[in-house]
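To keep things clear, I will list the structure first and then write my remarks on it.
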Amino acid sequence: MAGHSKWANIQHRKGRQDEKRGKIWTRIIREITVAARAGGGDLSANPRLRLAVDKAKAANMPADRVKYNIDKATGNAEGMSYEEIRYEGYGIGGAAIIVDTMTDNRVRTVAEVRHAFSKQGGNMGTEGSVAFQFKHCGQLIFAPGTNEDTLMEAALEAGAEDVITGDDGAIEVLTSFADYEAVKDALEAAGFKPELAEVTMRPENTIELSGDDAAKMQKLLDVLEDLDDVQAVFHNANL
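If you count the sequence shown from 1, position 124 lands on 123 in numbering that gives the first Met the number 0, and the numbers rise without skipping.
In structure tokens form, the structure reads like this:
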């Protein structure tokens with residue numbers, strides 16, 4: 000995953016998020032709602048809710064809106080009940096894709112995801128067909144020019160599993176899911192601010208796509224990400 004295009008991919012992704020801030024907020028509110036209902040509204044006792052609130056802050060969501068949605072979720076107020084469903088499939092060139100959704104209508108969601116795959120040249124797979132190619136972990140990425148030695152020392156001391164420097168100079172710090180918050184907090188306290196910090200499904204190996212194949216794969220990913228019920232899309236294509 001320490002490929003030459005990691006930094007470019009991050010900048011592209013952040014740009015798309017800025018363009019779709021309204022949709023990003025909707026997805027975060029769903030995550031806050033599900034996390035708060037499942038584990039309560041106390042951030043100190045609910046790691047999943049803490050992660051959702053971190054996403055809200057990163058997306059510049061107002062604090063009062065975050066609080067409102069936590070209170071709404073934990074106060075048993077009327078509202079939609081979402082279930083989480085993961086879909087797996089294949090994109091261009093056999094690239095592996097995971098699509099995480101939250102939905103109040105399973106039939107609608109599976110139909111939309113299947114249609115997106117088939118229309119854009121991909122194929123829906125069965126449960127478990129590609130998930131084994133990914134690792135659930137914490138990922139923090141730092142800009143090219145960050146002091147590699149100092150960051151590595153701080154990261155490993157904080158409990159990180161690995162530190163990888165890409166061809167483009169971006170530095171990737173990997174953690175277990177359980178240690179993500181502790182490592183992130185320790186690095187920020189040491190003065191290292193990540194450009195991207197999240198719990199993710201990280202591919203164990205990548206597939207290189209270029210030219211028309213890369214463009215077709217990007218279109219497939221864009222269509223999937225634009226579906227209302229989709230929370231996140233993970234893939235192993237290096238575009």
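Note that CB positions come from ideal geometry on N, CA and C, so glycine has one too.
How is Gly-144 classed by DSSP in three states: helix, strand or coil? coil
I'd like the ranges of any beta strand (DSSP E) spanning at least 3 consecutive residues and lying wholly in the region 187 to 227. For the region 187 to 227, whole beta strand (DSSP E) runs of length 3 or above, ordered along the chain, are 195 to 202.
Limits of the unbroken alpha helix (DSSP H) element including Leu-48: Looking at the DSSP string, the run of the alpha helix (DSSP H) that includes Leu-48 is 46 to 57.
Beta-carbon spacing of Ala-248, Ile-206 below 8 Å: Because the chain spans 0 through 238 in this model, residue 248 falls outside it and cannot be assessed.
Which whole-angstrom value is the C-beta distance of Gln-217 and Leu-195, which I expect to be below 8 Å? That belief does not hold up - the Cβ atoms of Gln-217 and Leu-195 are roughly 18 Å apart, past 8 Å.
Span of the alpha helix (DSSP H) around Glu-111: 105 to 118
Determine the closest residue to Gly-120 out of Asp-228, Glu-82, Val-222 and Asn-235, with distance taken between C-alpha atoms. Val-222
Lys-192 to Gly-137 span [Cα, whole Å]: 15 Å
Going by the CB atoms, is the gap between Ala-115 and Glu-87 shorter than 8 Å? no
Sort Met-60, Val-232, Ala-55 and Asn-68 by Cα distance to Gly-40 and report the nearest one. Asn-68
Evaluate contact between the region 48 to 68 and the region 83 to 103, counting only Cβ atoms and requiring at least three cross-stretch pairs below 8 Å. no
Going by DSSP, what residue range makes up the beta strand (DSSP E) through Asp-167? That residue, Asp-167, is in no beta strand (DSSP E); it is neither H nor E in DSSP.
Is it buried or exposed, Asn-45, if we count other Cβ atoms within 10 angstroms and call 16 or more buried? buried
So, helix, strand or coil for Val-129, using DSSP? When secondary structure is reduced to three states using DSSP, Val-129 falls in the coil class, being assigned neither helix nor strand.
With 16 other Cβ atoms within 10 Å as the buried cut-off, status of Val-106: exposed
Taking the alpha-carbon of Ala-213 as reference, which of Gly-93, Leu-150 and Glu-171 has the nearest alpha-carbon? Ranking the options by Cα distance to Ala-213, first place goes to Gly-93.
Classify Lys-66: buried if its beta carbon has 16 or more other beta carbons within 10 angstroms, exposed otherwise. exposed
So is Lys-183 buried or exposed if we call it buried at 16+ other beta carbons inside 10 Å? buried
Give me whichever residues DSSP pairs with Glu-87 in a beta bridge. Ile-97
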